[in-house]
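Sequence lines, in order, name chains A and B. In terms of the working numbering, the first sequence opens at residue 24 and continues consecutively. In terms of the working numbering, the second sequence opens at residue 13 and continues consecutively. Glycine residues also receive a C-beta, built at the ideal position from the N, C-alpha and C atoms.
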Amino acid sequence: MGGHRARGRRIEQVSVLDGSDQHALLVDGDGLVLAGAYTDGDGKDVAEVVAAELAGVSSEAERAMRHLGLGAWTSLLVEADDAIVAMTPGPNGSLLVVTASRKTPVGLVRLLLDRVLARARDWLVRVS
Amino acid sequence: MTKTPYAELLAMLSRHRGVVGSFVVSERDGLAVDSNVQIGVHAEAVAALAAALHRKARLACGAAGCGVVTFLRLDAEKGGVLAAGRDDLVLVTISEARANIGLLRVEMMRAAKALT
Numbered sequence: 024m025g026g027h028r029a030r031g032r033r034i035e036q037v038s039v040l041d042g043s044d045q046h047a048l049l050v051d052g053d054g055l056v057l058a059g060a061y062t063d064g065d066g067k068d069v070a071e072v073v074a075a076e077l078a079g080v081s082s083e084a085e086r087a088m089r090h091l092g093l094g095a096w097t098s099l100l101v102e103a104d105d106a107i108v109a110m111t112p113g114p115n116g117s118l119l120v121v122t123a124s125r126k127t128p129v130g131l132v133r134l135l136l137d138r139v140l141a142r143a144r145d146w147l148v149r150v151s
Numbered sequence: 013m014t015k016t017p018y019a020e021l022l023a024m025l026s027r028h029r030g031v032v033g034s035f036v037v038s039e040r041d042g043l044a045v046d047s048n049v050q051i052g053v054h055a056e057a058v059a060a061l062a063a064a065l066h067r068k069a070r071l072a073c074g075a076a077g078c079g080v081v082t083f084l085r086l087d088a089e090k091g092g093v094l095a096a097g098r099d100d101l102v103l104v105t106i107s108e109a110r111a112n113i114g115l116l117r118v119e120m121m122r123a124a125k126a127l128t
C-alpha cells in the first residue's frame with residue numbers, strides 16, 4: 024500500500040493521522056463514501072471501490088457475531104502483506120475505515136481508529 | 013474421531029485463557045478440518061462463519077490493493093474471533109473478552125505458517 028495517499032474530500036478527522044501512509048474513510052450503510060479519500064499506487068482514486076468492498080466485510084462481521092452470540096461487533100482489524108485495515112461501526116449506520124502501511128504497529132492502528140471515530144462523530148454532528 | 017495433524021496445535025490454542033474453541037477451517041467450502049471446542053460451541057457453524065468472514069476480508073483486501081491477508085481480528089462486546097491463514101486453510105479461535113489477544117496472535121501467526 025506504499026503509494027496510497029489521502030487527498031480531496033479530506034475531513035477533519037483525518038488530521039489525527041500521522042504521515043502519508045495512514046488514511047481514513049467514512050462510509051455510509053450502502054457502501055458509499057461520506058468523507059475521506061483513497062488512492063492506489065498509481066494515484067488513481069479507488070475510494071468508491073474500497074468503500075464498497077469493505078462495507079461487505081462489515082456485513083459479514085455483523086452476521087457472524089449475530090450467530091456466535093458474542094454481542095454486537097465493535098471493531099475488525101485485518102493484517103495483510105502490504106497494509107493494515109481497521110474498521111468500526113460509526114454513527115448513523117456508517118462504517119469508519121482506517122488504513123495504514125504494514126510497518127505501522129498494530130496497536131497504534133487500533134488507537135488511531137478510536138481517535139478518528141471520535142472526530143467522525145463530531146464531524147457528522149456538524150454537517151447534519 | 014480420527015486424530016489429525018492439527019490436534020496438538022488446536023489443543024495448545026484452546027488451553028489459552030478465555031479461548032472457547034479453536035479450528036482449522038477450509039476457506040473454500042467453510043468446512044471444519046479439525047476442531048477443539050468447549051461443550052456448547054457449534055463447531056460446524058462457527059467454522060462456516062469464520063471461513064466466510066476470512067474469504068470476504070481476503071477479497072476486499074485484494075480489491076483494495078492491500079495484499080494477502082495474514083491475520084484477522086473481529087472484536088465484539090463479549091469476545092471475538094481471530095483467524096490466521098494462507099491459501100485455503102485458516103486457523104481460527106473464538107475467545108471471550110478476557111483472552112490475551114496479543115499472545116494468541118503471535119502463536120496463531122506462527123502456527124499458520126506451518127499449515128499445509
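Residue range of the beta strand (DSSP E) that includes residue i
i	result
Leu127 of chain B	Note, Leu127 of chain B: premise wrong, no beta strand (DSSP E); not H, not E.
Asp87 of chain B	81-88
His46 of chain A	45-50
Glu108 of chain B	101-108
Glu102 of chain A	96-103
Val31 of chain B	31-38
Leu119 of chain A	118-124
Ser151 of chain A	First-last for Ser151 of chain A: undefined, no H or E at that position.
Gly91 of chain B	91-98
Short CB-CB distance (under 8 Å) between residue i and chain B
i	result
Ser117 of chain A	no
Val121 of chain A	no
Glu76 of chain A	yes
Asp44 of chain A	no
Val139 of chain A	no
Ser151 of chain A	no
Arg32 of chain A	Only weak support is given to the placement of Arg32 of chain A: the predicted model assigns it a pLDDT of 47, under 50, and the question is left unresolved by the model.
Ala58 of chain A	no
Gly79 of chain A	yes
Val177 of chain A	Summary: the structure shown does not reach residue 177 of chain A, with chain A confined to residues 24 through 151, and so no result is reported for it.
Val50 of chain A	no
Val148 of chain A	no
CB contact below 8 Å: residue i versus chain A
i	result
Glu89 of chain B	yes
Thr105 of chain B	no
Ala111 of chain B	no
Phe83 of chain B	yes
Ala76 of chain B	yes
Lys68 of chain B	yes
Val45 of chain B	no
Leu116 of chain B	no
Gly97 of chain B	no
Leu22 of chain B	no
Val37 of chain B	no
Ala55 of chain B	no
Gly30 of chain B	no
Ala124 of chain B	no
Leu25 of chain B	no
Ala72 of chain B	yes
Gly92 of chain B	yes
Selected residue, minimal CA-CA separation from residue i, among the options
i	options	result
Glu76 of chain A	B:Arg98, B:Val93, B:Ala62, B:Ala75	B:Ala75
His28 of chain B	B:Asp41, B:Val36, B:Asn48, B:Pro17	B:Asn48
Ala13 of chain A	A:Thr97, A:Gly130, A:Ala58	Residue 13 of chain A is absent from the model: chain A starts at 24 and stops at 151.
Ser124 of chain A	A:Asp105, A:Thr62, A:Val139	A:Asp105
His46 of chain A	A:Pro112, A:Leu55, A:Val120	A:Val120
His54 of chain B	B:Ala126, B:Ala72, B:Phe35	B:Phe35
Val139 of chain A	A:Pro128, A:Pro114, A:Val101	A:Pro114
Ser81 of chain A	A:Gly54, A:Asp65, A:Lys67, A:Val72	A:Gly54
Ile51 of chain B	B:Gly79, B:Lys125, B:Ser26, B:Gly42	B:Ser26
Ala95 of chain B	B:Leu61, B:Thr16, B:Thr128, B:Ala19	B:Leu61
Ala78 of chain A	A:Glu102, A:Lys126, A:Leu48, A:Asp65	A:Leu48
Asp44 of chain A	A:Leu131, A:Arg142, A:Ala141	A:Leu131
Ser107 of chain B	B:Thr128, B:Arg122, B:Ala124, B:Arg85	B:Arg85
Met120 of chain B	B:Leu43, B:Ala23, B:Gly77	B:Ala23
Heavy atom of the ligand FMN within 7 Å of residue i beta-carbon
i	result
Asp87 of chain B	Looking for the ligand FMN in the displayed structure turns up nothing, as the structure carries no ligands at all.
Endpoints, the alpha helix (DSSP H) within which residue i is located
i	result
Ala44 of chain B	Unbroken run through Ala44 of chain B is the beta strand (DSSP E), 44-49; no alpha helix (DSSP H).
Gly59 of chain A	Gly59 of chain A -> not in any alpha helix (DSSP H); beta strand (DSSP E) instead, spanning 56-59.
Self-check item: Residues from the region 123-136 of chain A in contact with chain B, defined by Cβ distance under 7 Å
Solution: Cβ contacts with chain B come from no residue of the region 123-136 of chain A.
Practice problem: Closer than 9 Å, Cβ to Cβ, to anything on chain B: give me those residues from the region 84-100 of chain A, in chain order. | Solution: Of all residues in the region 84-100 of chain A, Ala84, Arg86, Ala87, Met88, His90, Leu91, Gly92, Leu93, Gly94, Ala95, Trp96, Thr97, Ser98, Leu99, Leu100 have a Cβ within less than 9 Å of some Cβ in chain B.
Quiz item: Can at least three beta-carbon pairs, one atom from the region 25-43 of chain B and one from the region 104-122 of chain B, be found at a separation below 8 Å?
Solution: Flag = yes, the region 25-43 of chain B and the region 104-122 of chain B touch.
Self-check item: the region 97-104 of chain B contacting the region 108-122 of chain A, beta-carbon criterion three pairs below 8 Å
Solution: Under the Cβ criterion (8 Å, minimum of three pairs), the region 97-104 of chain B does not count as touching the region 108-122 of chain A.
Quiz item: Do the region 65-82 of chain B and the region 79-87 of chain A meet, that is, are 3 or more Cβ pairs less than 8 Å apart?
Solution: Yes, the region 65-82 of chain B is in contact with the region 79-87 of chain A.
Quiz prompt | Contact the region 89-97 of chain B vs the region 94-103 of chain A: 3+ CB pairs below 8 Å | solution = Three or more pairs of CB atoms, one per stretch, sit closer than 8 Å, so the region 89-97 of chain B contacts the region 94-103 of chain A.
Exercise. Check each residue of the region 105-116 of chain A: if its Cβ is closer than 7 Å to any Cβ of chain B, include it; give the result in chain order.
Key: Answer in chain order: Asp105, Ala106, Val108.
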